[in-house]
Amino acid sequence: MEEKKRMLSGIQPSGELTLGSYLGAIRNWAERADEFDCYYFMADMHTITVRQTPADLRRRTITQLAAYIACGLDPEKNTLFIQSHVPQHAQLAWVLNCYTMFGELSRMTQFKAKSAQHAENINAGLFTYPALMAADILLYQADMVPVGEDQKQHCELTRDIAERFNGIYGDVFKIPEPYIPKVGARIMSLSTPTNKMSKSDTDPNGCVYLLDKPEVLARKFKRAVTDSEMSVRFDPVNKPGISNLMQIYSCATGRDYAAIEQEFAGQGYGTFKTAVGDAVIEMCRPIREETDRLLADKAYLQSVYTNGADKAASIANKTLRKVYKKVGFVQR
Ligand code: TRP
């Protein structure tokens, strides 16, 4: 039997999961489980490049795991784990730091953006973040890395690091492909629809969280920024707000843009926004309920992340041993 290709991705538990990360990422991951050998982790080690409140980080990491499962990532079919449980990530990251150039790291847009955002804490971890991300990916010899557009540069750097290392030591790492899904990949802010939906949005109504309560969801969609026209029409350049809502509605109901335009022809934006809110509420309800149910079962969640870390570590360790040997470390 031919081996399945390996897919790997991570999300930082630096905030609650957003509707954007569900529609743009997690929902698509769940459909890949039969075709690929899938690894998904909570990137808690990346999260501390920005100061966190320890209790919140712990709670969000567990909630994220529960939400992954509630979104359809079956732990029997996907390897779900917490990054800090697999020490090989930190170990390989150190080695890769020595094969990553200062100039390369200086050019990373995320580093530039985050150091502007956190000017009081431009720490070395924030700078070398991409070397840790490269380690995450290369440890598992991943074929495909599904990420958002904003992570493409990090994936390209990962390939460069892997090629550099392979160029010196022979074929140690598989060169991964970034995989940026076309549909639903870019859900925009509800308050500034020209920006990607993000948990760092300055307007609390701009970002929708997957686990928001129905009344919160309804309120956010009611306040969504639109335009001064009166037609529900898909035109991302001239009507970014309406087009974003249409995208969300389409993801939630499966209807295409033509059908949506027809459904709301001649109706005001108020009716449309309420309908989008209702559709999202119904889509999120079972996920939120299942997440809550899972969070009440700590023993189960613990068994999932323990098994996940065991499986991940056994693969990660093979790669790490090979790397240690190649660079000339004495074997224990
Ligand atoms: N940097 C990614 C983000 O902020 C998260 C991440 C960490 C990741 N390691 C990864 C994504 C490895 C894919 C593969 O979104």
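Letter by letter, the sequence shown follows residues 11 to 342 in the working numbering.
All C-beta atoms, glycine included, are put in the ideal place defined by N, C-alpha and C.
Of the residues assessed, I178 falls on the exposed side of the cut-off, its CB having fewer than 16 other CB atoms within 10 angstroms.
Per DSSP, reduced to three states, the secondary structure at K209 is coil, with no helix or strand assignment.
Counted as a single uninterrupted DSSP element, the alpha helix (DSSP H) harbouring S313 occupies residues 308-337. Using a C-beta cut-off of 8 Å, the stretch 86-105 makes contact with the stretch 35-54, since at least three inter-stretch Cβ pairs fall below that distance. In the structure shown, K249 adopts coil according to DSSP, grouped into three states. The stretch 289-298 and the stretch 139-151 do not touch, with fewer than 3 CB-CB distances between them shorter than 8 Å. In this structure, DSSP gives C108 a state outside helix and strand, which the three-state scheme calls coil. DSSP lists F51 as the beta-bridge partner residues of F91. Where E225 is concerned, the enclosing alpha helix (DSSP H) starts and stops at 224-232.
Proximity of the stretch 239-251 to the stretch 263-274 meets the contact definition, three or more beta-carbon pairs being nearer than 8 Å. Taking a C-beta distance under 7 Å as the contact criterion, N107 and T63 do not qualify as a contact pair.
Taking all protein chains shown into account, P140 has 16 or more neighbouring C-beta atoms within 10 Å of its C-beta and is therefore buried. Taken in chain order, the whole beta strand (DSSP E) runs of length 3 or more contained in the stretch 151-200 are 154-156, 187-189. If you draw a straight line from the Cα of A172 to the Cα of K14, it comes to about 21 Å.
Exclusion of the five residues before and after N215 leaves L200, S201, K230, R233 as the residues of its chain whose Cβ lies within less than 7 Å of its Cβ.
Going by C-alpha positions, Y310 is about 25 Å away from Q98. L18: member of the beta strand (DSSP E) spanning 15-21, first to last residue. Under the three-state reduction of DSSP, T28 is assigned to strand. In terms of side-chain proximity, the C-beta atom of S19 is found nearer than 6 Å to a non-hydrogen atom of the ligand TRP. In this chain, the alpha helix (DSSP H) harbouring F121 covers 119-127. When Cβ pairs closer than 8 Å are counted between the two stretches, the stretch 216-226 is seen not to touch the stretch 272-280, the count staying below three. Inclusion of Q101 and H56 in the CB contact set at 7 Å is not warranted, their separation being larger than that value. In the three-state reduction of the DSSP assignment, F282 falls in the helix class. Shown here, F274 sits in coil according to DSSP, grouped into three states, outside any helix or strand. For H164, the closest of L136, V182, G280 by C-alpha to C-alpha distance is L136.
Between the stretch 311-320 and the stretch 283-293 there are fewer than three C-beta pairs closer than 8 Å, too few to call the two in contact.
Beyond the five residues adjoining it in sequence on each side, A40 comes within less than 7 Å, by CB distance, of C81, G82, L83 in the same chain, given in chain order. Three or more beta-carbon pairs drawn from the stretch 204-214 and the stretch 26-35 are found closer than 8 Å, and the two stretches are therefore classed as touching. When only Cα atoms are considered, G180 and P188 end up about 22 Å apart.
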